Amino acid sequence: MTSLDDLPIRDDLRGLSPYGAPQIDVPVRLNTNENPYAPSPELADDLAREMHREALGLNRYPDRDALALRADLAAYLGHGLSAERVWAANGSNEVIQQILQAFGGPGRSALGFEPSYSMHPILTRGTATEWISGAREDDFGIDPGKAVAAIEEHRPDVVFLTSPNNPTGTALPPALIERVVAAAPGMVVVDEAYFEFARAGTPSALTLLPAHPRLIVTRTMSKAFAMAGTRVGYLAAHPAVIEALLLVRLPYHLSSLTQAAARVAIAHRSELLATVDELRAERDATVEWLRARGLRAADSDANFVLFGRFPDRRAVWEALLARGVLVREVGPPEWLRVSIGTSEEMAAFRAAMEGVA
-8 MTSLDDLPIR DDLRGLSPYG APQIDVPVRL NTNENPYAPS PELADDLARE MHREALGLNR
52 YPDRDALALR ADLAAYLGHG LSAERVWAAN GSNEVIQQIL QAFGGPGRSA LGFEPSYSMH
112 PILTRGTATE WISGAREDDF GIDPGKAVAA IEEHRPDVVF LTSPNNPTGT ALPPALIERV
172 VAAAPGMVVV DEAYFEFARA GTPSALTLLP AHPRLIVTRT MSKAFAMAGT RVGYLAAHPA
232 VIEALLLVRL PYHLSSLTQA AARVAIAHRS ELLATVDELR AERDATVEWL RARGLRAADS
292 DANFVLFGRF PDRRAVWEAL LARGVLVREV GPPEWLRVSI GTSEEMAAFR AAMEGVA
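Residue numbering for the sequence shown follows the numbering used here, beginning at -8 and increasing consecutively.
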């Protein structure tokens, strides 16, 4: 039998594991940070009508540059953005991969501050870019002086900042981002996949774009927009950055159906984002409940909570799973992450935790 080891894959990929959260059929799934509230029947009806219209032209290629979708996304983001400053792809992961294809590659490096989104180093290595791991503080924040020192030492071509951070939920202040941009010799990517869940008054890195042409802010429709199945991510940046991405994007990378579905979702954004406040409240209540039980819970500006600490987190994860609740075994040792679900799902989580720890 031929195995992976028998194939002539790149040496730097040998021994690596693919990304993936466990996909287990249990009553309560709280491990992938999805919005637990499904789109309404009215949105589904609008989507079905648009899919029918698009289906009549599926013999033709889609708009290669997704200009209408990018215009809609720019209008949603505000901050004076236009379609020329926005780019979209199949999830924020493809957006990040394209950034690394354009600005990383052999002989180049990318720096991130861990624990953070585990796809950043995977995508970095997949593009033959060297990954450099910087450290976060005990509260999962980033010390500005240490960050600048790491940049000056390694001179990375790409720096990743995740705000709010996955898996910790930590948001970063704009002053830190500005210091990193000033020190970085290359591109700085602020991953804001969970920004819509940030507490009121939390500033976005979008405010910094006009003064920093090497700054990129990435977002997704998979989280707050409740459109994980659509697979649409996007970024905002200087128009020259978009020109660079055009050099590496695949032809017609976003299907007509994907573009249409995303535009319907944006048109229904008031409905889709209406659940954000409820999920924020449930998140904050979860943090308080965990701390009241003597556990540690990281301050979170996302739709999940990192909690611990457990000498044997695997045993806790398995015990919760046995009670029908699936959380994520991710992040630093002794910690687990729970996505925020409906009030009923979070009640099931608390009940399961009562019997575990």
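Backbone N, C-alpha and C define an ideal beta-carbon position, used for all residues, glycine too.
Every value quoted in this text rests on a predicted model; they were computed, and no experiment measured them.
Would you kindly report the start and end of the unbroken alpha helix (DSSP H) that includes residue i?
i: tyrosine 67; result: 58 to 68
i: alanine 283; result: 267 to 283
i: arginine 304; result: 304 to 313
i: valine 150; result: No alpha helix (DSSP H) holds valine 150; the beta strand (DSSP E) holding it covers 149 to 153.
i: arginine 328; result: Per DSSP, arginine 328 belongs to no alpha helix (DSSP H); it is in the beta strand (DSSP E), 326 to 330.
i: phenylalanine 340; result: 334 to 345
i: glycine 117; result: 110 to 117
i: glycine 136; result: 135 to 145
i: leucine 34; result: 32 to 46
i: leucine 49; result: Segment: none, leucine 49 is in no alpha helix (DSSP H) and carries neither H nor E.
i: valine 255; result: 247 to 258
i: valine 172; result: 165 to 174
Going straight from the alpha carbon of residue i to that of residue j, what length do you get?
i: alanine 59; j: alanine 65; result: 10 Å
i: alanine 397; j: tyrosine 185; result: Summary: the structure shown does not reach residue 397, with the chain confined to residues -8 through 348, and so no result is reported for it.
i: glutamate 183; j: threonine 249; result: 21 Å
i: proline 53; j: arginine 205; result: 30 Å
i: alanine 219; j: alanine 251; result: 15 Å
i: arginine 222; j: glycine 82; result: 5 Å
i: phenylalanine 340; j: serine 8; result: 29 Å
i: glycine 136; j: aspartate 16; result: 45 Å
i: leucine 68; j: glycine 177; result: 25 Å
i: aspartate -3; j: threonine 115; result: 24 Å
i: phenylalanine 131; j: threonine 161; result: 7 Å
i: proline 147; j: methionine 42; result: 43 Å
i: glycine 235; j: alanine 272; result: First, the residue type needs correcting, since residue 235 is alanine and not glycine in the sequence shown. The straight-line gap from Cα to Cα measures roughly 40 Å.
i: alanine 356; j: alanine 166; result: Residue 356 falls outside the range modelled here, since the chain spans only -8 to 348, and no answer is possible.
i: alanine 74; j: alanine 228; result: 10 Å
i: methionine 344; j: proline 18; result: 15 Å
i: arginine 5; j: leucine 317; result: 30 Å
i: proline 302; j: proline 155; result: 26 Å
i: threonine 193; j: arginine 305; result: 34 Å
i: proline 230; j: valine 307; result: 48 Å
i: aspartate 268; j: phenylalanine 298; result: 21 Å
i: valine 278; j: alanine 338; result: 13 Å
i: tryptophan 78; j: asparagine 50; result: 25 Å
i: leucine 215; j: proline -1; result: A small fix is needed here, since residue 215 is alanine in this sequence, not leucine. Distance between the alpha carbons of alanine 215 and proline -1 is about 41 Å.
i: histidine 203; j: arginine 254; result: 29 Å
i: arginine 274; j: phenylalanine 188; result: 10 Å
i: proline 323; j: glycine 125; result: 14 Å
i: leucine 270; j: leucine 286; result: 21 Å
i: aspartate 37; j: leucine 241; result: 29 Å
Following the continuous beta strand (DSSP E) through residue i, name the residue where it begins and the one where it ends.
i: threonine 209; result: 206 to 211
i: isoleucine 123; result: 121 to 126
i: valine 181; result: 178 to 182
i: serine 100; result: 100 to 105
i: glycine 224; result: 224 to 227
i: glycine 82; result: No beta strand (DSSP E) holds glycine 82; the alpha helix (DSSP H) holding it covers 82 to 94.
i: leucine 200; result: Note, leucine 200: premise wrong, no beta strand (DSSP E); not H, not E.
Sorted by chain position, which residues of the same chain lie with C-beta nearer than 6 Å to residue i's C-beta, five sequence neighbours on each side aside?
i: valine 86; result: Ala80, Thr209, Gly224, Leu226
i: valine 321; result: Pro158, Arg328
i: arginine 190; result: Asp292
i: threonine 333; result: Pro27
i: aspartate 134; result: Glu128
Between residue i and residue j, how many whole angstroms is the CB-CB distance? I'm expecting something under 8 Å.
i: leucine 327; j: arginine 319; result: 7 Å
i: glutamate 325; j: arginine 300; result: 4 Å
i: histidine 70; j: leucine 197; result: 5 Å
i: alanine 288; j: arginine 282; result: 5 Å
i: arginine 127; j: glutamate 105; result: 7 Å
i: valine 171; j: valine 149; result: No, valine 171 and valine 149 are not in contact; Cβ-Cβ is about 12 Å, not under 8 Å.
Please go through the same chain and pick out, in chain order, the residues whose beta-carbon is closer than 7 Å to the beta-carbon of residue i, but skip the five residues on each side of it.
i: alanine 174; result: Val139, Ile142, Glu143
i: valine 239; result: Gln89, Gln92, Ala93
i: histidine 426; result: With the chain represented from -8 up to 348, any question about residue 426 goes unanswered, as that position is not in the structure.
i: tyrosine 243; result: Tyr52, Pro53, Arg55
i: alanine 12; result: Asn22, Thr23, Arg319
i: isoleucine 168; result: Leu152, Val181, Ala196, Leu199
Quick one: residues in its chain with C-beta nearer than 8 Å to the C-beta of residue i, no 5 flanking neighbours on either side, listed in chain order?
i: glycine 48; result: Ser247
i: isoleucine 207; result: Ile90, Met178, Val179, Val180, Val181, Leu226, Ala227, Ala228, Val232
i: serine 45; result: According to the sequence as given, residue 45 is glutamate; it is not serine. Contacts found: Ser247, Leu248, Ala251.
i: arginine 1; result: Ala119
i: alanine 57; result: Ala79, Leu245, Gln250
i: aspartate 29; result: In the sequence under discussion, the amino acid at residue 29 is alanine, which differs from the aspartate named in the question. Once the five neighbours on either side are set aside, the close Cβ partners of alanine 29 are Ala217.
Three CB pairs or more closer than 8 Å across the stretch 115 to 134 and the stretch 93 to 106: Segments in contact, yes.
contact_flag[the stretch 25 to 38, the stretch 256 to 274] where n(CB pairs < 8 Å) is 3 or more: By the criterion of at least three beta-carbon pairs nearer than 8 Å, the stretch 25 to 38 is in contact with the stretch 256 to 274.
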